[in-house]
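**Student:** Sharing a structure with you now.
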Amino acid sequence: SAQFIPPYTEDCRTDMYPPKGPTFKGAVSWYTVDLDLPPGKRWAAVISDKKAELVSMVQAIKDLANALVPSGRLIELVDVSLPLMANTLPQPFGEEIKGISAVSGVPLGEVVLFNIFYEVFTV
Amino acid sequence: CTSIVAEDEKGNLFHARNLDFGLFMGWDIKNKSWIITEKLKPLVVNLDFRRNNQTVFKSTNFAGYVGMLTGIKPRTFTLTMNERFSLDGGYIGILEWIFGKRDGIWMSFLTRSVLENANSYEEAKTLLAQTKLLAPAYFILGGNQTGQGCIITRSRLLSIDVFDINLKLGRWFVLETNYDHWKEPLFLDDRRTPAIKCMNQTTQSNISLKTLYDVLSTKPVLNKLTAYTTLMQVSEGTLESYIRDCPNPCMPW
Chain L
1 SAQFIPPYTE DCRTDMYPPK GPTFKGAVSW YTVDLDLPPG KRWAAVISDK KAELVSMVQA
61 IKDLANALVP SGRLIELVDV SLPLMANTLP QPFGEEIKGI SAVSGVPLGE VVLFNIFYEV
121 FTV
Chain A
124 CTSIVAEDEK GNLFHARNLD FGLFMGWDIK NKSWIITEKL KPLVVNLDFR RNNQTVFKST
184 NFAGYVGMLT GIKPRTFTLT MNERFSLDGG YIGILEWIFG KRDGIWMSFL TRSVLENANS
244 YEEAKTLLAQ TKLLAPAYFI LGGNQTGQGC IITRSRLLSI DVFDINLKLG RWFVLETNYD
304 HWKEPLFLDD RRTPAIKCMN QTTQSNISLK TLYDVLSTKP VLNKLTAYTT LMQVSEGTLE
364 SYIRDCPNPC MPW
């Protein structure tokens with residue numbers, strides 16, 4: 001049974017495993033990241049498969065940014081300044097991020113933003 | 124987020140987590156869901172990082188994100204991180220970085236470096252506790268021997284607290300959401316109390332990856348921000364992840 005008022009606390013669930021039913025939305029695919037490859041090439045297999053989803057997620061964040069700053073200046077700032085940030089990131093992360101941008105076609109500044117989102121989000 | 128490290132009566136260590144993300148980043152009224160959370164779910168991937176054709180570590184990631192939020196170094200340690208809010212936050216670290224003061228490390232690059240390079244629980248614990256960060260964080264670390272489980276509460280500069288499993292005190296699990304464990308969580312966002320209640324109801328004799336999945340499936344530990352659940356067992360080197368949904372009625376966070 002569950003509370004029908006917030007925070008909708010339920011009695012402790014049991015027998016939920018193996019995952020099934022309305023709380024289970026799907027399994028997760030496995031990929032190999034070969035650390036012997038040059039950093040710029042390590043993520044090619046993953047990103048080739050997930051390119052459309054990555055572009056869609058970045059677009060959702062851009063829509064959000066444009067809702068906050070309709071002039072589009074925020075996106076411009078990301079696309080102009082964050083690529084410079086990529087060169088300051090420690091290796092191999094900077095090169096890996098450039099490789100992800102190259103394979104996905106997502107602008108470098110936006111891939112950098114995705115990867116430093118934890119620090120940015122604390123704002 | 125909710126991260127748990129638990130030890131059963133045989134000394135097996137289990138590490139499980141709900142990754143909750145996307146708060147205040149656009150609410151889809153029609154579908155009663157967070158826009159960014161729903162966009163992140165299709166990006167969830169399990170990764171096997173290999174060198175010389177051997178597994179170095181495994182992780183659950185969002186494709187395109189090169190840092191680590193959830194990972195296992197098989198038969199060595201398991202690591203998750205939860206967000207910590209502080210006024211001395213990441214934006215200060217970013218400003219310092221922009222102005223050339225670059226002695227701190229980006230949080231997810233530290234977790235990636237620890238998973239890739241640390242070769243023991245103690246080594247990982249030292250690195251996570253002592254490396255200067257750009258943003259505060261909680262690191263939840265599980266080892267491969269009895270008693271090896273802890274929550275490291277970090278500010279940007281310091282390790283504020285390390286809270287260990289302590290069987291002598293009857294503390295057979297440690298559990299972290301997004302609040303300092305010595306303070307009450309925000310009353311509007313108390314996922315800690317129901318999670319601890321369910322862990323105690325499970326009891327140490329019944330704890331396993333299956334029963335941890337039950338705890339992480341109980342509202343509001345499971346909520347509209349939950350993108351995925353990961354279950355890890357260090358002795359087996361196993362990592363399993365599942366994309367989640369939270370049917371209505373369900374807390375937005």
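Going down the list, the protein sequences come from chains L and A. Read left to right, the first sequence gives residues 1 to 123 (this note's numbering). Read left to right, the second sequence gives residues 124 to 376 (this note's numbering). Positions of the beta carbon are idealized from the N, C-alpha and C atoms, including for glycine.
1. So with Cβ pairs under 8 Å, would you call Pro71 of chain L a contact of chain A?
2. Against chain A, with Cβ distances strictly below 8 Å, would Gly105 of chain L count as a contact?
3. Kindly list, in the order they appear in chain A, the residues whose Cβ is closer than 9 Å to that of Val28 of chain L.
4. Whole angstroms is fine: what's the gap from Thr316 of chain A's alpha carbon to Asp79 of chain L's?
5. Give a yes or no on whether the C-beta atoms belonging to Asn141 of chain A and Thr352 of chain A are separated by under 8 Å.
6. Which value, in whole angstroms, describes the spacing of the CA atoms of Glu76 of chain L and Leu82 of chain L?
7. Does DSSP classify Asn184 of chain A as helix, strand or coil?
8. Tell me, please, whether the CB atom of Ser231 of chain A is closer than 8 Å to any CB atom in chain L?
9. What residues from chain A crowd round Leu124 of chain L, counting only those whose CB sits closer than 8 Å?
10. Report the three-state DSSP secondary structure of Asn267 of chain A (helix, strand or coil).
11. Below 7 Å on C-beta distance, what does Val111 of chain L contact in chain A?
12. Identify whether Glu132 of chain A lies in helix, strand or coil by the three-state DSSP scheme.
13. Beta-carbon within less than 8 Å of Met322 of chain A's beta-carbon, same chain only, minus the 5 sequence neighbours each way: which residues are those?
14. Kindly give me the distance between the Cβ atoms of Ser231 of chain A and Gly190 of chain A, rounded to whole angstroms, as I take these residues to be in contact under 8 Å.
15. Using a Cβ-Cβ cut-off of less than 7 Å, list which residues of the stretch 248-273 of chain A approach chain L; keep chain order.
16. Can you name the residues of chain A whose CB is closer than 8 Å to the CB of Val120 of chain L?
17. Which of the three DSSP states is assigned to Met148 of chain A in this structure?
18. Under a three-way DSSP split, which group does Ala52 of chain L fall into?
19. Quick check on this structure: which residue in A:Leu257, A:Gly216, A:Thr201 and A:Asp211 has the alpha carbon closest to the alpha carbon of Glu246 of chain A?
20. Can you check whether the C-beta of Met148 of chain A is within less than 8 Å of a C-beta belonging to chain L?
21. Can you list, in chain order, the residues of its chain whose CB lies under 6 Å from that of Leu362 of chain A, leaving out five sequence neighbours each side?
22. Helix, strand or coil: how does DSSP classify Leu37 of chain L here?
23. Verify whether the separation of the beta carbon atoms of Ala318 of chain A and Thr125 of chain A is less than 8 Å.
24. Give a yes or no on whether the C-beta atoms belonging to Val111 of chain L and Ile97 of chain L are separated by under 8 Å.
25. Output the boundary residues of the alpha helix (DSSP H) element that contains Ile100 of chain L.
26. Is Val343 of chain A close to chain L, meaning its C-beta is less than 8 Å from at least one C-beta of that chain?
27. To be precise: take each residue of the stretch 32-56 of chain L, compare its Cβ to all Cβ atoms of chain A, and keep it if any distance is under 8 Å. Which residues remain?
28. Kindly indicate which residue of A:Leu166, A:Lys224 and A:Leu292 has the alpha-carbon position closest to the one of Ser56 of chain L.
29. Name, in chain order, the residues that DSSP records as bridge partners for Met355 of chain A.
30. Quick one: give me the first and last residue of the alpha helix (DSSP H) that Asp79 of chain L is part of.
31. At least one CB of chain A closer than 8 Å to the CB of Ala2 of chain L: is that the case?
32. Give every residue of the same chain whose Cβ lies closer than 6 Å to the Cβ of Val269 of chain A, excluding the five residues on either side of it in the sequence, and list them in chain order.
33. Please report the straight-line C-alpha distance between Arg279 of chain A and Thr32 of chain L, rounded to a whole angstrom.
**Tutor:** With the given structure in hand:
1. Counting from 1 along the first sequence, the entry for residue 71 of chain L is found at position 71. Sequence inspection shows Ser at residue 71 of chain L; the Pro mentioned does not correspond to that position. Closer than 8 Å: no.
2. The sequence position of residue 105 of chain L within the first sequence is 105, counting from 1. Cβ-Cβ to chain A under 8 Å: no for Gly105 of chain L.
3. For the purposes of this step, residue 28 of chain L is taken as residue 28 along the first sequence, with counting starting at 1. Result: Val167, Val168, Asn169, Thr183, Tyr351, Thr353, Glu363, Ser364, Tyr365 and Ile366.
4. On the second sequence, position 193 is the one that residue 316 of chain A refers to. On the first sequence, position 79 is the one that residue 79 of chain L refers to. Taking the straight line from one Cα to the other gives about 43 Å.
5. For the purposes of this step, residue 141 of chain A is taken as the residue at position 18 of the second sequence. For the purposes of this step, residue 352 of chain A is taken as the residue at position 229 of the second sequence. Against a cut-off of 8 Å, the Cβ pair of Thr352 of chain A and Asn141 of chain A comes out as a contact.
6. Counted from its first residue, the first sequence places residue 76 of chain L at position 76. Counted from its first residue, the first sequence places residue 82 of chain L at position 82. One C-alpha to the other measures close to 10 Å.
7. Here residue 184 of chain A is taken as the residue at index 61 of the second sequence, counted from 1. Three-state result, Asn184 of chain A: strand.
8. For the purposes of this step, residue 231 of chain A is taken as the residue at position 108 of the second sequence. Yes, contact with chain L.
9. Any answer about residue 124 of chain L is impossible in this case: the structure gives chain L only from 1 up to 123.
10. Reading the second sequence from its first residue, position 144 is the one you call residue 267 of chain A. Coil, per DSSP.
11. Stepping through the first sequence from its first residue, residue 111 of chain L is reached at position 111. The contacting residues are Gly187.
12. By one-based count along the second sequence, residue 132 of chain A stands at place 9. Note: Glu132 of chain A maps to coil in three-state DSSP.
13. In the second sequence, residue 322 of chain A corresponds to position 199, counting from 1. Around Met322 of chain A: Ile127, Ala129, Phe296, Leu298, Ile330 and Val338.
14. Here the question's residue 231 of chain A lines up with position 108 in the second sequence. Here the question's residue 190 of chain A lines up with position 67 in the second sequence. 2 Å between Cβ atoms; contact.
15. Leu257 and Ala258
16. Residue numbering aside, residue 120 of chain L sits at position 120 when the first sequence is read from its first letter. Chain A residues near Val120 of chain L: Gly213, Tyr214 and Ile217.
17. Residue mapping note: residue 148 of chain A aligns to position 25 of the second sequence, counting from 1. Three-state DSSP puts Met148 of chain A in coil, outside helix and strand.
18. By one-based count along the first sequence, residue 52 of chain L stands at place 52. Helix at Ala52 of chain L.
19. Walking along the second sequence from the start, residue 246 of chain A turns up at place 123. Measuring from the Cα of Glu246 of chain A, the nearest candidate turns out to be A:Thr201.
20. The residue labelled residue 148 of chain A in the question sits at position 25 within the second sequence. Interface residue, yes.
21. Taking the second sequence and counting its residues from 1, the one referred to as residue 362 of chain A is at position 239. Lys181, Ile195 and Met355, listed in sequence order.
22. Position 37 of the first sequence holds residue 37 of chain L. Correct three-state label for Leu37 of chain L: coil.
23. Sequence index remark: in the second sequence, residue 318 of chain A carries index 195 (1-based). Sequence index remark: in the second sequence, residue 125 of chain A carries index 2 (1-based). Their beta carbons are under 8 Å apart, which means Ala318 of chain A touches Thr125 of chain A by this criterion.
24. Counting from one through the first sequence, the residue named residue 111 of chain L turns up at place 111. Counting from one through the first sequence, the residue named residue 97 of chain L turns up at place 97. Yes, the pair counts as a contact, with Cβ atoms nearer than the cut-off.
25. The residue labelled residue 100 of chain L in the question sits at position 100 within the first sequence. Looking at the DSSP string, the run of the alpha helix (DSSP H) that includes Ile100 of chain L is Phe93 to Ser104.
26. By 1-based counting over the second sequence, the position of residue 343 of chain A is 220. Before going further, note that residue 343 of chain A is Pro rather than Val in the sequence given. Answer yes: the Cβ-Cβ gap between Pro343 of chain A and chain L drops below 8 Å somewhere.
27. Thr32, Val33, Asp34, Leu35, Asp36, Trp43, Val46, Ile47, Asp49, Lys50, Glu53, Leu54 and Ser56
28. Working through the first sequence from its first residue, we reach residue 56 of chain L at position 56. It is A:Leu166 whose Cα lies nearest to the Cα of Ser56 of chain L.
29. Counted from its first residue, the second sequence places residue 355 of chain A at position 232. Met355 of chain A is bridged to A:His138 and A:Leu362.
30. Taking the first residue of the first sequence as position 1, residue 79 of chain L is located at position 79. Segment Arg73 to Ala86, the alpha helix (DSSP H) holding Asp79 of chain L.
31. Counted from its first residue, the first sequence places residue 2 of chain L at position 2. Answer yes: the Cβ-Cβ gap between Ala2 of chain L and chain A drops below 8 Å somewhere.
32. Numbered from its first residue, the second sequence carries residue 269 of chain A at position 146. Looking at the sequence itself, residue 269 of chain A is Thr, so the reference to Val does not match. Around Thr269 of chain A: Gly134.
33. Position 156 of the second sequence, counting from 1, holds the residue named residue 279 of chain A. Position 32 of the first sequence, counting from 1, holds the residue named residue 32 of chain L. So the alpha carbons of these two residues sit roughly 32 Å apart.
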